[in-house]
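Numbering (this note's numbering), first residue to last: 13 to 544. Glycine included, C-beta positions come from ideal geometry on N, C-alpha and C. All of these numbers come straight from a predicted model, not from anything done at the bench. Here's the structure, in structure tokens; my notes come after.
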Ligand SMILES: [Fe+2]
């Protein structure tokens with residue numbers, strides 16, 4: 013008798029519209045870091061190359077070409093990387109836009125024996141599609157996009173039970189989903205399409221697709237405007253239709269005080285509207301003291317902080333957007349196929365690079381340089397999962413300097429001058445400077461700043477998106493902040509992602525290139541210092 017295969021989960025693929033990524037249990041391959049296109053747009057022909065770290069070879073192809081060469085032979089996704097072997101589990105999820113043009117083709121090829129797969133509709137968090145097609149010696153494992161967001165947040169939280177909010181612009185079937193502590197799925201997509209609204213307002217205000225975080229940077233500059241609030245109410249009060257989207261362009265950005273003021277007021281009012289709707293629809297659903305949040309809207313730090321008023325514990329993991337989809341899908345599969353085994357992903361799940369310089373770094377010297385006004389590129393070990401630099405691919409500066417925001421925005425990041433910078437604060441000191449109740453290791457919450465000693469990281473509305481750092485989380489990062497603390501008495505550094513109009517630097521070569529073409533003063537790569 014043939015022995016049944018010992019099913020393996022080689023890696024998971026998220027068939028995304030943007031932020032393509034794979035995960036093999038250790039290495040989180042965020043394609044944008046290698047192709048060097050933010051969010052991996054335009055769609056790259058090698059969107060899912062599993063181990064490839066080839067730097068952008070300049071051979072990217074636009075959408076149609078991508079579809080022709082990639083999705084017209086989707087077996088490449090799997091066969092090329094030896095996934096569909098006997099005993100393997102083919103693990104994936106998708107977004108509506110990610111397979112828009114290829115669904116039929118997928119069903120004729122790799123999913124030929126799984127015709128009913130896209131009919132799958134979960135009722136509970138751990139529901140899944142998992143089948144071996146007739147004659148096939150591999151399993152196909154599929155979950156919905158929002159289940160992946162939810163699983164990623166919950167399985168990394170350490171909570172035994174939790175409410176979970178999975179909220180974004182669009183996945184495959186949903187926009188907003190709430191799971192109660194018994195894992196029941198409540199679909200709020202029609203009532204609470206918050207991510208969808210932010211996406212459209214981002215486009216309307218000129219920040220473009222995936223520009224919601226830039227629009228959020230304007231919140232602090234604005235004030236309440238009833239015109240915008242009532243407009244959002246009208247939009248929410250009815251089904252989402254293509255027809256309605258055409259009307260968005262008639263929303264006026266000039267509210268009598270000029271377009272800049274109108275834009276900021278729109279942002280402020282949208283943020284208030286978001287929190288009001290969250291309170292209206294999510295708060296009554298509470299079934300326990302813990303809440304996990306994921307999905308693109310979970311990058312909204314104001315919203316995440318607000319949840320602390322309603323839940324005892326709130327967990328927001330680092331790669332909350334679609335760039336974390338492969339991790340959640342992988343974790344979900346490991347959990348359901350291995351008797352509830354919990355696989356936790358590392359925060360620093362990227363690659364590590366060898367580098368040898370000429371001069372060893374002295375942390376005291378670097379901290380003193382920052383205290384003297386220098387701006388430092390800080391590159392250590394493995395890269396972070398998610399959009400936030402958490403101490404391994406960071407630019408560090410003095411939070412006491414009131415002009416530092418303009419200097420970094422203007423001479424290093426080359427980005428809009430209104431965008432704020434975040435502090436990385438030693439965990440044992442965060443409550444001396446910030447009015448919040450829990451640590452925030454992944455820079456996921458925006459709270460009030462209590463001190464006037466750190467104007468460089470204080471946004472115009474008196475807030476900051478804080479990262480709390482302890483030794484266990486990132487010892488080298490802790491040590492450099494601690495050296496700065498010993499010199500200045502301020503236990504924090506300004507921490508922003510190490511990049512200049514491109515994805516976060518991935519390799520030492522990226523770091524050196526950015527160092528050379530910007531006004532960065534010093535560069536630290538692992539144990540080495542590089543000067544100009
Ligand atoms: Fe998503």
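Per DSSP, the bridge partner or partners of residue i
i: residue 141; result: 154
i: residue 537; result: 391 and 540
i: residue 40; result: 35
i: residue 457; result: 478
i: residue 435; result: 506
i: residue 101; result: 151
i: residue 175; result: 303
i: residue 405; result: 391
i: residue 325; result: 302
i: residue 26; result: 33 and 105
i: residue 190; result: 177 and 198
i: residue 446; result: 461
i: residue 271; result: DSSP output for residue 271 lists no bridge partner at all.
i: residue 372; result: 540
i: residue 20; result: 100
i: residue 136; result: 196
Check: residue i C-beta below 7 Å from any heavy atom of ligand 1
i: residue 370; result: no
i: residue 385; result: no
Separation of residue j from residue i, as counted between CA atoms
i: residue 280; j: residue 236; result: 6 Å
i: residue 118; j: residue 489; result: 45 Å
i: residue 417; j: residue 480; result: 20 Å
i: residue 461; j: residue 443; result: 10 Å
i: residue 269; j: residue 400; result: 34 Å
i: residue 141; j: residue 135; result: 12 Å
i: residue 168; j: residue 264; result: 42 Å
i: residue 121; j: residue 139; result: 25 Å
i: residue 531; j: residue 101; result: 48 Å
i: residue 145; j: residue 132; result: 16 Å
i: residue 333; j: residue 267; result: 33 Å
i: residue 526; j: residue 511; result: 7 Å
i: residue 516; j: residue 250; result: 39 Å
i: residue 467; j: residue 359; result: 29 Å
i: residue 534; j: residue 415; result: 19 Å
i: residue 475; j: residue 419; result: 20 Å
i: residue 372; j: residue 455; result: 30 Å
i: residue 238; j: residue 278; result: 10 Å
i: residue 49; j: residue 513; result: 10 Å
i: residue 470; j: residue 504; result: 12 Å
i: residue 62; j: residue 329; result: Since pLDDT at residue 62 reaches only 47, below the 50 mark, its modelled position is unreliable, and the value read off the structure follows with that caveat. Near 23 Å, if we compare the C-alpha coordinates of residue 329 and residue 62.
i: residue 349; j: residue 336; result: 20 Å
i: residue 210; j: residue 192; result: 25 Å
i: residue 435; j: residue 99; result: 47 Å
i: residue 34; j: residue 26; result: 7 Å
i: residue 323; j: residue 149; result: 46 Å
i: residue 65; j: residue 486; result: Any answer about residue 65 is weak, because its pLDDT of 44 lies below 50 and its placement is not dependable; what the coordinates show is given next. Distance between the alpha carbons of residue 65 and residue 486: 25 Å.
i: residue 356; j: residue 106; result: 22 Å
i: residue 69; j: residue 522; result: For residue 69, the pLDDT reaches just 39, beneath the cut-off of 50, and the residue's location in the model is therefore unreliable, leaving the point undetermined.
i: residue 518; j: residue 174; result: 34 Å
i: residue 452; j: residue 445; result: 13 Å
Sub-8 Å separation of residue i and residue j beta-carbons
i: residue 152; j: residue 129; result: yes
i: residue 115; j: residue 126; result: no
i: residue 40; j: residue 397; result: yes
i: residue 290; j: residue 318; result: yes
i: residue 408; j: residue 494; result: no
i: residue 429; j: residue 421; result: yes
i: residue 186; j: residue 158; result: yes
i: residue 31; j: residue 52; result: yes
i: residue 110; j: residue 196; result: no
i: residue 403; j: residue 161; result: no
i: residue 181; j: residue 308; result: yes
i: residue 294; j: residue 433; result: no
i: residue 457; j: residue 316; result: yes
i: residue 179; j: residue 310; result: yes
i: residue 345; j: residue 24; result: yes
i: residue 383; j: residue 499; result: yes
i: residue 137; j: residue 163; result: yes
Residue-level contact to chain D via CB, residue i, 8 Å cutoff
i: residue 339; result: Within the model displayed, chain D is absent; a lone protein chain is all it includes.
Around ligand 1, what residues have a beta-carbon under 6 Å from a heavy atom of it, in chain order? Close to ligand 1, as judged by a C-beta nearer than 6 Å to any of its heavy atoms, are the residues 157, 161, 180, 183, 307, 308 and 334, in chain order.
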